[in-house]
Amino acid sequence: MKVSIIVPTRNRSHLVGFTIDSILKQTVRDFELIVVDDCSEDDTEKVVKSFNDVRIRYFRHDNARLVAANRNYGMSQAKGEYIAFCDDDDLWLPEKLEKQLVEFEKDSTLDMVCSNGVFFNDTGDLGLMYEKSWDNYLTYDIVLKKRPVQTSTVVLRKGVIDDIGGMNTDPAFYVHQDYEFWLRITRGEYKILYLDVPLIRYRRHAAQRHMETFSLVTTQRLKKINSALHTEGLVSHGYYGRRFLWLLTIELLIHTRTIDVVTRLKRRLRRP
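Residue numbers for the sequence shown follow my numbering, so the first one is 1 and each next one is one higher.
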């Protein structure tokens, strides 16, 4: 098995069929599609099974979980050499997997390949997800500052997950669980290639505008906090250990002023 594709879903019977159809139309055929249903109450199961394709493996949870836990479960069931992700409302372009696997074949040292994409909604395409302003090979600093990794674009070697573990399932990371995962990967000695070509269509919902504003503000605060702690030698540049992330998340949730977060983190990180 070449690629295991993980699609977590919940109550998206009206959308997940389009996602599955786009995956089944890939020019690469050697893959399995693992759909992890987070106790949907609509016709999601019926839609998934209507495709009647032996490459589709459907799993259902009867108790609600975070999307990170559903992705982790899918990864635990994966048989492929590579792991790919797709959200249940996004679409893959037909040559997505082929173009990414070619890069792995050209460079055996590659560990992960991600790409650009196109925003779209019910009215049509809305433009590129990213206006590239970084090197082709992603580092911790690039991922922290630019956030160029969109989960539905990613293909990575299964060995990376075997090494670092899955996504963080702590509820405190609900909004940024995939972001923390990419940061953790970039902290390791893994080679990550960014392809500046659109290989997916990323669906934008009206409610996402509010979340994107929140994410932008949070990212700006993270940069300031990381810099402030680094200058005093409390956190080495690029350090994103689990303890620091846990403390940081708590403080971000409690305090609205960045200076309060920095002050409290300094005090708590100095503790033995």
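Don't be surprised by glycine CBs; every beta carbon is placed ideally from N, CA and C.
These figures come from a predicted structure and were not determined experimentally.
Could you have a look at residue i and say whether DSSP puts it in helix, strand or coil?
| i | result |
| --- | --- |
| M112 | strand |
| T256 | A caution first: T256 carries a pLDDT of 48, below 50, which makes its placement in the model unreliable, though a value can still be read off. Three-state DSSP puts T256 in coil, outside helix and strand. |
| F120 | strand |
| L101 | helix |
| G74 | helix |
| I6 | strand |
| A64 | coil |
| H210 | For H210, the predicted structure reports a pLDDT of 40, less than 50, and the residue's modelled location is therefore unreliable. A value from the coordinates is still provided. Helix, per DSSP. |
| R204 | coil |
Skipping 5 residues on each side, what residues in its chain have a beta carbon closer than 8 Å to that of residue i?
| i | result |
| --- | --- |
| K79 | M1, S4 and E32 |
| S133 | K146 |
| V28 | K2, V3, L97, E98 and L101 |
| M129 | N116, G117, V118, F119, Q150, P198 and Y202 |
| D107 | K191 and L193 |
| R57 | E32, L33, I34, V35 and Q77 |
| D38 | P8, T9, R10, H61, A64, R65, V67 and N70 |
| R55 | L24, F31, E32 and L33 |
| D53 | L24 and L33 |
| S50 | G17 |
Cutting at 6 Å between CB atoms, please list the residues of its own chain near residue i, excluding the five before and the five after it.
| i | result |
| --- | --- |
| I192 | M112 and L138 |
| S40 | R10 and N11 |
| P8 | V36, V67, N70 and R71 |
| Q177 | A68, M167 and N168 |
| E95 | T27 |
| D21 | none |
| Y73 | V36 |
| D196 | N116 and K132 |
| F181 | M167 |
| V48 | V35 and Y58 |
| Y179 | none |
Quick test of your reading: residue i and residue j, contact by CB under 8 Å. State the CB separation rounded to the nearest angstrom.
| i | j | result |
| --- | --- | --- |
| L126 | R204 | 7 Å |
| A69 | T169 | 5 Å |
| I114 | I23 | The identity of residue 114 in the sequence shown is Cys, whereas the question assumes Ile. Between I23 and C114 the Cβ distance is about 17 Å, and since that is not below 8 Å, they are no contact. |
| I83 | T153 | Between T153 and I83 the Cβ distance is about 13 Å, and since that is not below 8 Å, they are no contact. |
| E103 | L93 | That pair is no contact at about 16 Å. |
| I164 | G188 | 6 Å |
Identify, in the order they occur along the chain, each residue of the same chain with its Cβ nearer than 7 Å to the Cβ of residue i, setting aside the five sequence neighbours on each side.
| i | result |
| --- | --- |
| P148 | Y130, W134, L138, I142 and Y194 |
| K46 | none |
| D89 | R12, L15, T19 and R203 |
| M75 | I6, I83, I161 and G166 |
| D43 | S13 |
| K158 | A78, G80, E81, Y82 and I83 |
| N136 | L193 and Y194 |
| Y140 | L183, T186, R187 and G238 |
Would you check whether the ligand ZN has a heavy atom nearer than 7 Å to the C-beta of residue i?
| i | result |
| --- | --- |
| N121 | The ligand ZN is not among the ligands present in this structure, which contains no ligands whatsoever. |
- Task: Answer yes if the stretch 16 to 24 comes into contact with the stretch 70 to 79, meaning at least three C-beta pairs across the two stretches below 8 Å, and no otherwise.
- Result: No, they do not touch.
Count the CB pairs spanning the stretch 64 to 72 and the stretch 117 to 131 that are closer than 8 Å, and state whether there are at least three.
Taking a contact to require three or more Cβ pairs closer than 8 Å, the stretch 64 to 72 and the stretch 117 to 131 do not qualify as touching.
List, from N- to C-terminal side, the alpha helix (DSSP H) runs of 4 residues or more that fit wholly inside the stretch 13 to 62. As far as the stretch 13 to 62 is concerned, its whole alpha helix (DSSP H) runs of at least 4 residues are 16 to 24 and 44 to 49.
Report task. Please list the segments of the beta strand (DSSP E) lying wholly inside the stretch 123 to 184, counting only runs of 3 or more residues, in order along the chain. Result -> Taken in chain order, the whole beta strand (DSSP E) runs of length 3 or more contained in the stretch 123 to 184 are 124 to 128 and 155 to 157.
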